[in-house]
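K.L.:
One structure, as structure tokens, below. Some questions next.
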Ligand SMILES: [Zn+2]
């Protein structure tokens, strides 16, 4: 992350998008930047890739509404403590809205709602799935999950790493509150006398919330729309036959239809930008292109790990292998749903994928 002081550079265009604050501008963690009236951008560094997350502080009468929270790690809690007393002037957090269940978004929601005795606002599937996933904490990896990765052609070394790391999801998430306020697609909620429309996307997570404020012309997009990275869309072991990519592409098309062109998008990672329709089209085309390359590659039977070159430009190895399996399977399952590819289960336990003879070419 490039952190600059709170003086932004000039507007920049890059790959069809406009960056009104320039590219590479991120406010310092303790100095939120007012990006629209009463809407403040908090950028917190975090370990891993991406190396930061954008969180949003909305003025809300005599307090604040917080959108996304960061991971449950000391460095992020410390930044919040400084913000509570500093920038937020000791005014209470009145509600915590979470876009989706990943630890960088939901991690401190339980901690914050308890601290301020306020409620968590989240969609039902994100809440329920997060609750279910944290119950894996401390458990050994189940056999079905090991077999899922074996069937993809993953080697023993990477499987061992998976066994070691399984069950750590919950460690970055402070225990969730036992009740929540459900956010539903299409509803409007009121924050500081302004209406915000809830839009639900899917594919990166099951019921991902975006918030659109027509009066301010801003869209808080979470991980559903990022300006440069494409969000991870993966098949996971508990639901091996799922087709998250179709849900993802349908969501992108659906959001594109609803958004006027001049909206300022506030993504959870990277910089705010304009050009939401262009970006959503880029995301859809990106995956269509991968589907087409993958279809061409499986003119002979291929294991999942042999399909990586169609989906990734970089070499995949080590810790990148399992996420790559998830993403590659998302594309393969989409082709299976389209009746273009079939999965063959082989006696050695490793599946192969092959074009169906009568499949029409992907378009
Ligand atoms: Zn995410």
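Residue numbers (my numbering): 6 to 368. Virtual Cβ for every residue (Gly too), placed ideally from N, Cα, C.
Rounded C-beta distance between residue 453 and residue 128? I'm assuming under 8 Å.
P.N.:
Here the chain has residues from 6 to 368 only, and residue 453 is not among them.
K.L.:
Note down, in chain order, each residue of its chain lying with its Cβ closer than 6 Å to the Cβ of residue 249, except the 5 sequence neighbours on either side.
P.N.:
For residue 249, where only same-chain residues beyond five positions count, the Cβ hits under 6 Å are 208, 238 and 335.
K.L.:
Give the range of the beta strand (DSSP E) segment to which residue 99 is assigned.
P.N.:
Per DSSP, residue 99 belongs to the beta strand (DSSP E) from 98-102.
K.L.:
Contact between the region 77-86 and the region 42-62 is defined here as three or more beta-carbon pairs at a separation below 8 Å; is this criterion met?
P.N.:
Touching, yes, given that three or more Cβ pairs across the two stretches are closer than 8 Å.
K.L.:
Is residue 360 helix, strand or coil when you go by DSSP?
P.N.:
Residue 360 falls in the strand class under three-state DSSP.
K.L.:
Residue 56: beta carbon under 6 Å from a heavy atom of ligand 1?
P.N.:
For ligand 1, not one heavy atom lies less than 6 Å from the Cβ of residue 56.
K.L.:
Below 8 Å, can you find three or more Cβ-Cβ pairs linking the region 280-290 to the region 253-261?
P.N.:
Cβ pair count under 8 Å is three or more, so yes.
K.L.:
Using a Cβ-based criterion (distance less than 6 Å to any ligand heavy atom), does residue 274 qualify as near ligand 1?
P.N.:
No - ligand 1 has no heavy atom lying nearer than 6 Å to the Cβ of residue 274.
K.L.:
Pick helix, strand or coil for residue 213, following the three-state DSSP scheme.
P.N.:
Strand.
K.L.:
Assuming residue 117 and residue 74 make a contact with CB atoms under 8 Å, what is their CB distance in whole Å?
P.N.:
With a Cβ gap of about 6 Å, residue 117 and residue 74 count as contacting.
K.L.:
Taking 7 Å as the threshold (C-beta atoms), are residue 230 and residue 270 in contact?
P.N.:
Taking 7 Å as the Cβ cut-off, residue 270 and residue 230 qualify as a contacting pair.
K.L.:
Taking 7 Å as the cut-off, decide whether the C-beta atoms of residue 105 and residue 131 are in contact.
P.N.:
Against a cut-off of 7 Å, the Cβ pair of residue 131 and residue 105 comes out as a contact.
K.L.:
Following the continuous alpha helix (DSSP H) through residue 57, name the residue where it begins and the one where it ends.
P.N.:
No alpha helix (DSSP H) contains residue 57, which is instead part of the beta strand (DSSP E) from 57-65.
K.L.:
What ranges does the alpha helix (DSSP H) occupy inside the region 305-341, keeping only unbroken runs of at least 4 residues that lie completely in it?
P.N.:
Listed in chain order, the complete alpha helix (DSSP H) runs (minimum 4 residues) inside the region 305-341 are 313-316.
K.L.:
Near ligand 1, which residues have their beta-carbon closer than 5 Å to a heavy atom?
P.N.:
That query returns the following residues: 107 and 228.
K.L.:
At 3 residues or longer, and completely inside the region 239-296: list those beta strand (DSSP E) runs for me, N to C.
P.N.:
Correct list: 269-272.
K.L.:
Do residue 24 and residue 278 have their C-beta atoms closer together than 7 Å?
P.N.:
Yes, these two residues count as a Cβ contact at 7 Å.
K.L.:
Does residue 233 come out as helix, strand or coil in the three-state DSSP assignment?
P.N.:
Correct three-state label for residue 233: coil.
K.L.:
Keeping to the same chain, check which residues put their C-beta closer than 6 Å to that of residue 87; ignore five residues upstream and five downstream.
P.N.:
Hits under 6 Å: 35.
K.L.:
Taking its Cβ as the centre, do 16 or more other Cβ atoms sit within 10 Å of residue 351, making it buried, or is it exposed?
P.N.:
Label assigned to residue 351: exposed.
K.L.:
Could you have a look at residue 163 and say whether DSSP puts it in helix, strand or coil?
P.N.:
Residue state, collapsed to three classes: helix.
K.L.:
So what's residue 118 in DSSP terms, helix, strand or just coil?
P.N.:
Reduced to three states, the DSSP call for residue 118 is helix.
K.L.:
What are the boundary residues of the alpha helix (DSSP H) that residue 154 is part of?
P.N.:
Note, residue 154: alpha helix (DSSP H), 148-156.
K.L.:
Contact check, residue 178 vs residue 135 under 8 Å by CB: the rounded distance?
P.N.:
Yes, residue 178 and residue 135 are in contact; Cβ-Cβ is about 7 Å, under 8 Å.
K.L.:
Using the C-alpha atoms, what's the distance from residue 95 back to residue 122?
P.N.:
Cα to Cα, the separation comes out at about 15 Å.
K.L.:
How would you write the range of the beta strand (DSSP E) that residue 38 sits in, first residue to last?
P.N.:
Looking at the DSSP string, the run of the beta strand (DSSP E) that includes residue 38 is 38-41.
K.L.:
Which two residues bound the contiguous beta strand (DSSP E) that contains residue 199?
P.N.:
Unbroken beta strand (DSSP E) run through residue 199: 199-206.
K.L.:
Are the region 353-363 and the region 303-320 in contact at 8 Å, needing three or more beta carbon pairs?
P.N.:
Touching, yes.
K.L.:
If distances are taken between C-alpha atoms only, which option among 21, 243, 173 and 16 comes closest to residue 27?
P.N.:
Nearest option by C-alpha distance: 16.
K.L.:
Could you tell me which residues DSSP puts in a beta bridge with residue 345?
P.N.:
Its beta-bridge partners do not exist; DSSP assigns none.
K.L.:
State the start and end residues of the unbroken beta strand (DSSP E) segment that holds residue 226.
P.N.:
From DSSP, the beta strand (DSSP E) with residue 226 extends over 223-227.
K.L.:
Just the Cα atoms here: how many angstroms apart are residue 226 and residue 72?
P.N.:
For residue 226 and residue 72, the distance between alpha carbons rounds to 11 Å.
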